[in-house]
Amino acid sequence: MPILTYLDAIRQGIWEEMERDPAVFLLGEDIGVYGGAFKVTAGMLEKFGAERVIDTPISESAIVGAAVGAALMGMRPVAEMQFMDFIACGFDQIANMAAKMRYRWGPAVPLVIRGPAGAGVHGGPFHSQSNEMWFVHTPGLKVTAPATAYDAKGLIKASIRDDNPVIFFEHKFLYRRIKEEVPADDYIVPLGKARVAREGDDIAVITYGAMVWTALEAAETLVKEGISLEVVDLRTLLPYDEDTVLTSARKCSKVILLHEDTRTGGMAGELAALIAEKAFEDLDGPVVRITSPDTPVPFSPPLEEFFLPNAKRLADAARKLAAY
Amino acid sequence: MPTNVIMPQMGESVAEGTVTKWMKKIGERVERDEPLFEISTDKVDAEIPSPAEGVLSKILVKENETVAVNTVVAVINGSGEASIPSPVKEQPSPAPVPAAKTAPSPAAPEPRPEPSAPAPSPAADEKVRSSPLVRRIAREQHVNISEVHGTGLSGRVSKKDILAFIEQRDVEPKRLSAAPPPAAGMPARAETPPARQAAAPARAPEIAFKGPAETVPMTPIRRQIAEHMALSKRTSAHVTTVFEVEMTRVVETRERFSTEFLARNGFKLTFTPFLVRAAVEAIKEFPIFNSSIDGSNIIYKRDVNLGVAVALETGLIVPVIKRADEKNFLGVARAVNDLAERARSKRLSVDEVKDGTFTLTNPGVFGSLFGTPIINQPQVAILGVGVIEKRPVIRNDAIAIRPMVYLMLSFDHRLIDGSVADQFVARVKAVLENWDEPVV
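These protein sequence lines map, in sequence, to chains U and C.
Going by our numbering, 164 is the number at position 166 of the first sequence; the sequence numbering is gapless.
Going by our numbering, 207 is the number at position 204 of the second sequence; the sequence numbering is gapless.
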């Protein structure tokens, strides 16, 4: 099986879908000749031509608007945000148009908006956000955030084939750091299904994106101390996989919710509410959130390091919770 | 009026019984309390008396057939006399009472320590820190959370704790379910007296108080004391003998040396070591007081492990001075002080309340003249000490004022006769009245 980076896996997934379905096309800033800011679309222009790999003006509103229109006309656009931070410029088109059309008058809106999010690369406040919750709180969308190369390929393919608008959060810290075997075949990872990344008994750590790796690192440390973490990778945030979350919560009876996104109104709060509602009588300790604080992502490297949750912070919290 | 005859519950843990023999045939007349059939259960074989008089009209369970407790095994038709008044029907008519008693666990194949204990209410567990999960498990598994040792933060009972508790409970169900009569020293037969009586404790009359009241669950220590006391009363043939003892020499000795004793040893000289020493001397002379009953044997214990009852706010605890017979006065005094202090601060280990062979109790500290203490099973006697106070007594035909005390000995008349008991206390009295052991 070929070894691919997380980035190459996304690229391969898009490539395969472009080959499979002529309705799939790409649009975004500098995605053609330049191959995209992170080179996700490198070589696509040469392979699929300028009609299917469209360089746009620097206007996210225009990109999203064009994509929504094309989707309504039966195309399957994959729009790139150079950084997910800038998706806000197209927000009205996503939240008020794309997300609601199906409910207002029935059409499919098979649209993917993808791009790099997340911190850890000293990108500063405009290039590091984890802004997935803007969309998780918007019914009508699907939101996904893969952690592994395998899932990145499987999920981008599933997203392109889905008839709903999907916001696809790639983690830029993982782009070239994650390398793993990825099947060259045509496979998908279904949207809405979480994955148990590591089995454990004592504490369920439920997370997604780059923090999956943080959780696995902490689990490796803690297992030597006799504390067994189960790591759940949500993969899809909307609709999220209630069953897997509750199964792990019930199994371990103690839960840590971990994400890179800021604290208030984050995915952790949503999952904590779910667990409190549906697994209250399975809990043997308080539900704990580990998140970044409620501030923009700092530019200063030491501050950014402080801002981001890490394996040590998670391990400390897990030790405390295990002893509770 | 037909009366149903049911398979009785021969002990709390017994779930079923086998009819081994019918002593009456269908159509035969039977008197109330006349043996009707024989059964065999996990615990006991017994003759079951008829709950009513009349004619045995139906036998529903054949010989050698095993059925669950409370199953109707036969029907007796009333003989027609109008003179069988309510007591007959009321009293033995077994159907309704046991049914109510065993309601919580109808089939109850797995014995539980408290089969009829209601699920602990949240209020009952409030003082014990736990979690929603632990409370749910407790409810489902009929666990009183206050019995579970918590290892979590601030003694919180965690999932692991309660699961370990249940595992242990299920591993030793026999031991626990046999709890009512575990008296180490009890003869096996006494455990299962004639059927009617054996069944009786399991079917204590329902004494339901109807009126405004607050229900508070017993603490584990209180529950243990309750069980232990009732068990002892059921087990031993208690007799109490009382002696009056002059404490002049003891009081003088204590007063004379109290300052020096405190200075040397760092703790106060109390009366207790005097009493312990006197009891030990008497035990050495009458070793039967350091024994227990095992079936038809008497077990004489080599060491004198003397328990000293300490009253705590939460209940009574009896730390044990191990090998008290090998200790001199100071050794005893030190042990008494140490154990009492640690009993009050709840730092006693399990070993330190185990294996007592004789017990000393001192209700006198609260002003009691004397009482009739209950034997600490499986021991065979307990020595109580009343208040030491000055009383007018006759000395040389004159009224004198002397510090006096009543000593009372409760002993198990199954093993010890009154004359021996009295000689024993007389020996204690002699030691105290003629105190000559140096205390410093």
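Each residue gets a CB set at the ideal place from its N, CA and C atoms; glycine is no exception.
A quick note: this is a predicted structure, and the numbers were derived from the prediction, not measured.
- Thr375 (chain C) and Leu412 (chain C) have their alpha carbons spaced roughly 8 Å apart.
- For the pair Thr136 (chain U) and Thr205 (chain U), the Cα-to-Cα distance works out to about 20 Å.
- For Arg257 (chain C), same chain residues with a beta-carbon under 6 Å away, outside a window of 5 residues either side, are Leu272 in chain order.
- Among the residues facing chain U, Leu156 (chain C) is included, as its CB has a counterpart in that chain under 7 Å away.
- In this structure, the CA atom of Glu255 (chain C) is about 39 Å from the CA atom of Arg417 (chain C).
- Neighbours of Lys162 (chain C) in chain U, taken as residues at a C-beta separation under 7 Å, are given in chain order as Ser251 and Asp282.
- Within chain U, the residues whose beta carbon sits less than 8 Å from that of Leu136 (chain C) are Ser251, Glu279, Asp280, Leu281 and Asp282, listed in sequence order.
- Asp314 (chain U): not part of any beta strand (DSSP E); member of the alpha helix (DSSP H) spanning Ala309 to Ala321, first to last residue.
- Secondary structure at Ile286 (chain C): helix, using DSSP grouped into helix, strand and coil.
- Taking the beta carbon of Arg159 (chain C) as reference, the chain U residues within 8 Å of it are Tyr322, listed in sequence order.
- Taking CB atoms only, Arg132 (chain C) has no neighbour in chain U less than 7 Å away.
- CA-to-CA, the gap between Pro38 (chain C) and Val356 (chain C) works out to about 45 Å.
- Counting the other Cβ atoms within 10 Å of the Cβ of Phe36 (chain U) gives 16 or more, which makes it buried.
- If you look at Leu301 (chain U), you'll find it in the alpha helix (DSSP H) that goes Pro299 to Phe305.
- Selection C:Val78, C:Phe427, C:Ala384 and C:Glu249 evaluated against Ala285 (chain C) yields C:Phe427 as nearest (Cα-Cα).
- Taken in chain order, the complete beta strand (DSSP E) segments of 3 or more residues contained in the segment 336 to 367 of chain C are 361 to 364.
- A Cβ-Cβ separation of about 17 Å leaves Glu78 (chain U) out of contact with Leu139 (chain U) under the 8 Å criterion.
- Chain-order list of chain U residues neighbouring Arg139 (chain C): Glu279 and Asp280, by C-beta distance under 8 Å.
- Annotation for Met131 (chain U): Asp259, Gly263, Gly264 and Met265 place their beta carbon closer than 7 Å to its own, counting only its chain and skipping 5 residues before and after.
- With contacts defined as CB atoms closer than 7 Å, Ile201 (chain U) and Lys249 (chain U) fail to qualify as a contacting pair.
- Look at the beta carbons and you see the segment 12 to 30 of chain U touching the segment 49 to 66 of chain U: at least three pairs across the two are nearer than 8 Å.
- Its Cα nearest to that of Phe246 (chain C), the residue C:Leu386 stands out among C:Phe40, C:Ile51 and C:Leu386.
- Sixteen is the threshold: since fewer than 16 other Cβ atoms of the shown chains lie within 10 Å of the Cβ of Ala266 (chain C), the residue is exposed.
- Of the residues assessed, His257 (chain U) falls on the buried side of the cut-off, its CB having 16 or more other CB atoms within 10 angstroms.
- Val187 (chain U) places its beta carbon 7 Å or farther from that of Asp231 (chain U).
- Arg261 (chain U) and Ala274 (chain U) have their C-alpha atoms roughly 18 Å apart.
- Every unbroken stretch of the alpha helix (DSSP H) spanning 4 or more residues and falling wholly within the segment 131 to 202 of chain U is given here in chain order: 131 to 134 and 147 to 159.
- Taking C-beta atoms as the reference points, Gly116 (chain U) and Phe297 (chain U) fail to come closer than 7 Å.
- Approximately 6 Å separates the beta-carbon atoms of Ala18 (chain C) and Ala71 (chain C); this is inside 8 Å, confirming the contact.
- By alpha-carbon distance to Pro20 (chain U), the top candidate from U:Gly72, U:Gly63 and U:Glu44 is U:Gly72.
- Under the criterion of beta carbons closer than 8 Å, Thr6 (chain C) and Pro54 (chain C) qualify as touching, at roughly 6 Å.
- Assignment of alpha helix (DSSP H) within the segment 246 to 274 of chain U, counting only whole runs of 4 or more residues, yields no such run.
- Here Arg32 (chain C) carries a strand assignment [DSSP, helix/strand/coil].
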